[in-house]
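Read through the structure below, which is laid out as structure tokens, and then see the notes.
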Amino acid sequence: MPSVPAHTERDTRARVARLILEHGPVTASTLGERVGLTPAAIRRHLDALLADGMIEVRKARAPQARRGRGRPAKWFAITDAGRNAFVHAYDDLATSALRFIAETAGDHAVAEFARRQIADLERRYRPVVQQAPPNQRVRTLAEALSGDGYAAAAAKAPQPGGGEQLCQHHCPVAHVAAEFPQLCEAETEAFSRLLGTPVQRLATIAHGDGICTTHVSPRSLCGTGGEEHDPGDRGAASPERPLISDEESGGTSL
């Protein structure tokens with residue numbers, strides 16, 4: 028038989044390990060079906076991964092139906108060493124997971140996942156932003172974001188309509204957000220609720236821009252008569268339903 032190129036063997040083995048990471052514990056037969064390998068081929072890759080300490084054999088998670096004669100099926104799970112090997116491939120893993128969610132539950136499920144992910148950030152930031160004076164809230168939000176590694180800054184908007192700009196020079200999920208803009212949309216919605224005013228994304232790192240730029244509308248143009256918006260009110264400042272027109276904001280919206 029012709030020999031199999033080493034890189035092909037490595038790629039297939041890495042794919043098997045990733046499937047175990049994402050879906051394990053899992054049986055050899057299930058892995059073979061997913062990867063399209065014969066029982067002998069999948070056993071060869073599993074033996075190699077076991078020898079490298081990347082995976083381990085686990086007991087069945089629940090009582091299995093009778094399988095007739097023979098030994099019970101083995102379940103394979105990723106080890107800590109195997110999981111650490113994928114740390115540098117986190118973006119690829121996150122993308123694969125979101126693809127799975129989109130394929131099995133639809134885009135609305137991806138959007139809901141994104142909102143839940145950003146909810147913790149919003150809960151942590153809300154007390155800090157609310158305690159700041161209204162004219163300092165964008166800067167306060169930028170400082171909070173910088174504390175989480177976003178390298179954010181606030182500045183006056185250059186557009187004639189006024190307002191401010193929130194700039195993020197780093198995005199930890201840019202690679203994933205390039206395929207799933209729901210992540211950016213959920214973050215934008217959170218900014219709007221936290222600041223109590225309409226905001227609009229003008230640029231994103233995920234789309235190839237140098238920085239993520241968010242325009243924050245002046246509070247005086249929100250039509251609230253100077254009253255405070257409740258940052259937890261989704262309807263008061265939803266980016267999908269701006270409260271002002273392009274003409275009123277000086278043409279700053281996308």
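Using the numbering used here, read the sequence shown as starting at 28 and increasing by one per residue. Don't be surprised by glycine CBs; every beta carbon is placed ideally from N, CA and C.
| Hey, how far is the Cα of Q91 from the Cα of V62? | Per-residue confidence for Q91 stands at a pLDDT of 48, beneath the threshold of 50, marking its modelled position as unreliable; the derived number appears in the next sentence. Rounded to the nearest angstrom, the two C-alpha atoms are 23 Å apart.
| Taking the DSSP output, what are the residues bridged to F103? | V53, V84
| Unbroken stretches of the beta strand (DSSP E), 3 residues or longer, contained in the stretch 171-224 | 179-183, 191-195
| request: Provide the residue(s) that pair with Q284 in DSSP beta bridges, ordered along the chain. | output: Only positions 28 to 281 of the chain appear in the structure, and residue 284 is not among them; the question remains open.
| From E49, H72, L46, pick the residue whose C-alpha is nearest to that of R37; which is it? | H72
| field | Meets three-Cβ-pair contact criterion under 8 Å: the stretch 200-212 and the stretch 123-134 | value | yes
| message | Spatial neighbours of L172 within its chain, please: C-beta separation below 6 Å, excluding the five flanking residues on both sides. | response | A179
| said: Please state whether the Cβ-Cβ distance between L229 and R164 is less than 9 Å. | reply: no
| query | Can you check whether the CB of C194 is closer than 9 Å to the CB of T231? | reply | no
| Taking Cβ to Cβ, would you say A100 is nearer than 9 Å to V200? | no
| Around the Cβ of G51, are there at least 16 other Cβ atoms within 10 angstroms (buried) or fewer (exposed)? | buried
| request: Give the secondary structure of P66 by DSSP, where H, G and I count as helix, E and B as strand, and everything else as coil. | output: helix
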